[in-house]
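Working notes, beginning with the structure itself.
In my numbering, the protein residues as written are 46 to 345.
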């Protein structure tokens, strides 16, 4: 039996039809995963965020005081800390403050300008395509159900997500002490905290779902802001240049990196995104009651 059971078998993912043949042409390679890729997908469903999970382990040794220290460094920087920085935090902040070698600030800046040019179209796509389509996949919804967030109005969640999106798409919005950078790392912190708590819960079935907020689900969420948006704006008649599309993906590659997503799941081309989106349908069971409830709440 495949574990987690949410994932279809390798053979099921090899099915070929007119749609897969069309995607093969678009992607210039088979859209179906090879066996190595399939095993990477399976493992990703059991992988969390190694760096931030270490921070959470340290925070939970003294939750109140340690969380306060973490948040002070995150939002104010290290210079305002009177006591020595704990090793766990020093290692983490050294890591995230050192920009990856592949980061191209020119492309980041161009992506911000392109995002502003999209205007309200981006918001429509995020709400009516990215979020609504995401609710069709129950694996994404389980943390919302078990943390009680399902009872929270979808409009409120959308507003919180929009605030974060606005912050990161401001000029210099991903610089160290900017609201975009700090809110991204704080979201990553909350993800790791929820992951830890749900893993300990008897209500979480890892044999079915893998671990909460795993690498593959986080990567697919990142795609909702990148590849899916590029598909959506074309449907609305907005056609980016090749460079604009490339820069847009590069921007979200960096955001995904800050969110703790492994680089192997951070796409550099639209065709890579299309392949992962195709795989996604095999990593979730059919839509269920959570899909209906979340979709209904978002549409009101």
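Built from N, CA and C at the ideal position, the CB exists for glycine as well.
Bear in mind the structure is a predicted one, so any value in this text is a computation, not a measurement.
Beta-carbon within less than 7 Å of residue i's beta-carbon, same chain only, minus the 5 sequence neighbours each way: which residues are those?
{"i": "residue 238", "result": "101"}
{"i": "residue 225", "result": "212, 213, 215, 218 and 219"}
{"i": "residue 145", "result": "302"}
{"i": "residue 317", "result": "none"}
{"i": "residue 55", "result": "80 and 83"}
{"i": "residue 149", "result": "295"}
{"i": "residue 133", "result": "99, 100 and 103"}
{"i": "residue 181", "result": "332 and 336"}
{"i": "residue 262", "result": "184 and 185"}
Using CA atoms only, rank isn't needed, just tell me which of the options is closest to residue i.
{"i": "residue 143", "options": "131, 299, 317 and 178", "result": "299"}
{"i": "residue 154", "options": "327, 307, 328 and 297", "result": "297"}
{"i": "residue 329", "options": "187, 228 and 339", "result": "187"}
{"i": "residue 86", "options": "337, 135 and 327", "result": "327"}
{"i": "residue 265", "options": "342, 249 and 178", "result": "178"}
{"i": "residue 189", "options": "230, 311, 249 and 90", "result": "249"}
{"i": "residue 338", "options": "117, 58, 276 and 176", "result": "176"}
{"i": "residue 341", "options": "89, 292 and 172", "result": "172"}
{"i": "residue 61", "options": "345, 344, 323 and 343", "result": "323"}
{"i": "residue 284", "options": "159, 57 and 113", "result": "159"}
{"i": "residue 192", "options": "263, 246 and 168", "result": "246"}
{"i": "residue 271", "options": "210, 282 and 244", "result": "210"}
Let me know if residue i comes out buried or exposed under the rule of 16 or more other beta-carbons within 10 Å of its beta-carbon.
{"i": "residue 94", "result": "buried"}
{"i": "residue 289", "result": "buried"}
{"i": "residue 140", "result": "exposed"}
{"i": "residue 222", "result": "exposed"}
{"i": "residue 280", "result": "exposed"}
{"i": "residue 313", "result": "exposed"}
{"i": "residue 152", "result": "buried"}
{"i": "residue 320", "result": "buried"}
{"i": "residue 358", "result": "Here the chain comprises residues numbered 46 to 345, so residue 358 is not present and cannot be evaluated."}
{"i": "residue 315", "result": "buried"}
{"i": "residue 269", "result": "buried"}
{"i": "residue 63", "result": "exposed"}
{"i": "residue 267", "result": "buried"}
{"i": "residue 310", "result": "buried"}
Verify the contact flag: residue i, CB atom, against every heavy atom of the ligand ATP, threshold strictly below 6 Å.
{"i": "residue 314", "result": "Ligands displayed in this structure: none; no statement on the ligand ATP is therefore possible."}
Excluding five sequence neighbours on each side, which residues of the same chain lie with their C-beta closer than 6 Å to the C-beta of residue i?
{"i": "residue 65", "result": "76"}
{"i": "residue 227", "result": "119 and 120"}
Do residue i and residue j have their C-beta atoms within less than 7 Å of each other?
{"i": "residue 92", "j": "residue 242", "result": "no"}
{"i": "residue 257", "j": "residue 240", "result": "yes"}
{"i": "residue 252", "j": "residue 48", "result": "yes"}
{"i": "residue 230", "j": "residue 119", "result": "yes"}
{"i": "residue 129", "j": "residue 333", "result": "no"}
{"i": "residue 112", "j": "residue 254", "result": "no"}
{"i": "residue 277", "j": "residue 174", "result": "yes"}
{"i": "residue 305", "j": "residue 105", "result": "no"}
{"i": "residue 347", "j": "residue 165", "result": "This structure leaves residue 347 out entirely; the chain is present only between 46 and 345."}
Given residue i, which residues of its chain have a CB within under 8 Å of its CB, disregarding the five upstream and five downstream residues?
{"i": "residue 157", "result": "214, 215, 216, 218 and 296"}
Enumerated in chain order, which unbroken segments of the alpha helix (DSSP H) with a length of 4 residues or greater are wholly contained in the segment 262-305?
272-280 and 287-303
Considering only residues of the segment 74-131, which uninterrupted alpha helix (DSSP H) runs meet the minimum length of 4 residues and lie entirely inside it, listed in chain order?
80-89, 95-104 and 108-121
For a minimum of 4 consecutive residues, which ranges assigned as the alpha helix (DSSP H) are wholly contained in the segment 129-203?
132-142, 150-163, 165-170 and 183-191
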